[in-house]
Amino acid sequence: MIDRQDCLDPRIYVDIKQLNRTQSHVSSINLLGARYSRAQMSGRYQSHARGRGLNFEELRHYQKGDDIRQMDWKVTQRTGKPHVRSYTEEKDRQIILCVDQRSAMYFGSVSHMKSVVAAEIAALMGWMALAQNDRVGFLICDYQRFHWRSAKRGGKSYLLGLNELVQANQKLNVKAQNAASVGMSHWLKALQAKKLKSATIIIISDFIDADEQTLRQLQYLHQHNDVISVFVSDPLESTLPSQNLNTPWVIGDGEFQFSLQQGKQSEKAYETLQQRHEEKRDQLKKLMAAQKLPCIEIGTQGDHFVELAKYLEVMK
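Mapping to UniProt numbering: the sequence shown position 18 is 18, numbers consecutive.
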């Protein structure tokens with residue numbers, strides 16, 4: 001971890017002050033559009049459960065099986081027919097922020113590192129959830145291990161989670177190599193082991209190692225929770241720069257390198273990059289669309305708060 005936080009470039013690393021400042025965007029953005037949940041989930045929407053809740057729903061005729069404690073005696077006396085008052089049960093939400101801070105996220109060709117974008121988006125979504133009195137938890141994946149924090153209400157626990165996110169972010173460097181145990185399949189398996197029910201799980205990642213098994217795991221999580229994918233991408237991951245092609249590009253993954261020459265070699269690399277990027281994005285979008293949930297794509301251009309606001313505006 002870097003000690004001199006006052007010297008950090010905010011485009012490359014985050015600090016706790018930087019993540020706290022994202023709270024200023026809460027008033028202009030709504031986390032999720034208001035709509036009813038499926039079944040009786042206490043996830044991101046009001047429950048359909050009718051009972052002795054807080055929000056008055058309707059006044060209707062008494063039906064066999066209705067709770068007599070909900071009888072509206074004044075209306076019953078006035079109309080001569082039994083009436084009951086019906087309420088919508090109000091339940092809080094459990095928000096789990098799953099933030100990718102693995103080695104592939106330490107990349108950015110425009111303005112910000114993907115790891116910084118992911119951390120700031122996570123922080124903002126967490127502040128938005130707290131503003132709605134929801135419980136917020138974390139599953140932070142750095143390049144060595146997972147960090148779990150159960151969902152709790154209030155700023156104290158949330159700030160502890162943000163500090164863990166800062167530490168994971170500042171551990172990243174060009175020499176960082178992912179441990180085999182932090183692959184996305186392992187990440188989602190760790191989520192499944194928590195046996196979450198009726199939670200809103202927000203996964204913020206570049207999904208670089210997402211595969212068919214990963215999609216099946218996401219579908220499993222969908223059965224009992226709402227899952228929102230925030231796909232963090234960089235333009236250089238889907239297209240090679242058109243300028244300076246006369247100079248060979250050296251491409252590496254931190255362990256191996258090769259020189260990319262101009263011509264058919266660079267054209268093949270471009271096609272492969274674009275194809276993999278489109279396939280990954282399309283798979284995520286189809287999966288989310290099947291559950292009527294969004295797949296939000298955020299870039300590294302530095303306007304990620306504006307991009308998020310546009311997506312959430314469409315969701316209302």
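Note that beta-carbon positions come from the ideal geometry of N, C-alpha and C, so glycine has one too. The model shown is predicted, which means the values in this text are computed figures rather than measured ones.
Taking the Cα positions, Met184 is about 32 Å away from Ser28. If the five residues before and after Ala168 are omitted, its C-beta is found closer than 7 Å to the C-beta atoms of Gln101, Ile140, Asp142 and His147, all from its own chain and listed in chain order.
In this structure Leu159 does not touch Thr22 by the C-beta definition: roughly 13 Å separates them, more than the 8 Å allowed. Per DSSP, the unbroken alpha helix (DSSP H) holding Gln217 starts and ends at Glu212 to His222. For the set Gln132, Asp234 and Leu172, the Cα lying nearest the Cα of Val26 is the one of Gln132. Here the segment 106-115 makes no contact with the segment 60-71; the two share fewer than three CB pairs at distances below 8 Å. CA-CA distance, Val166 to Ile16, rounds to 6 Å. In the three-state reduction of the DSSP assignment, Val306 falls in the helix class, which pools H, G and I.
In this chain, the beta strand (DSSP E) harbouring Ile228 covers Asp226 to Ser233. In this structure, Leu162 lies near Asn20, with their beta-carbon atoms less than 9 Å apart. Annotated as proximal: Ala179 and Gln144, with beta-carbon spacing under 9 Å. Nearest in C-alpha terms to Ile296, of all of His304, Ser229, Ser233 and Gly302, is Ser229.
Between Leu308 and Ile121, the CB-CB gap stays under 9 Å. Residue range Phe146 to Lys152 is occupied by the beta strand (DSSP E) that includes Arg149.
A distance below 9 Å separates the beta carbons of Phe231 and Asp206.
Asp66 and Gln18 have their C-alpha atoms roughly 52 Å apart. When the alpha-carbon of Gln283 is set against those of Ile208, Pro10 and Leu312, the nearest one is in Ile208. Around the C-beta of Val174, fewer than 16 other C-beta atoms lie within 10 Å, and the residue is accordingly described as exposed. Cβ contact annotation for Gln213 (same chain, cutoff 7 Å, sequence separation greater than five): Ser185, in chain order. Non-local beta-carbon contacts of Trp127 in its own chain, meaning distances under 7 Å to residues more than five positions away in sequence, involve Thr22, Gln23 and Val26 in chain order. The alpha helix (DSSP H) runs of length 4 or more contained entirely in the segment 63-99 are, from start to end of the chain, 73-79. One Cα belongs to Glu164, the other to Lys286, and the distance between them is close to 32 Å. Thr79 is classed as exposed because its beta carbon has fewer than 16 other beta carbons within 10 Å across all chains shown. Membership of Glu297 in the beta strand (DSSP E) is indicated by the continuous run Cys295 to Gly299.
In the assembly as shown, Gly154 is an exposed residue. Its beta-carbon has fewer than 16 other beta-carbons within 10 Å.
Per the C-alpha coordinates, the member of Ser198, Glu271, Phe107 and Leu215 positioned closest to Asp226 is Ser198. Residue state for Asp282 is assigned as helix, using DSSP reduced to three classes. Between Val84 and the set Lys280, Ala119, Arg60 and Gln192, the nearest pair of CA atoms involves Arg60. With respect to Thr300, Gly137 sits apart: the two C-beta atoms are not nearer than 9 Å. Proximity to Gln94 across Asp234, Ile202, Leu236 and Leu215 peaks at Ile202, based on C-alpha coordinates. Beta-bridge partners of Thr200 (DSSP): Ile95 and Asp226. Under the three-state reduction of DSSP output, Gln101 falls in the strand class.
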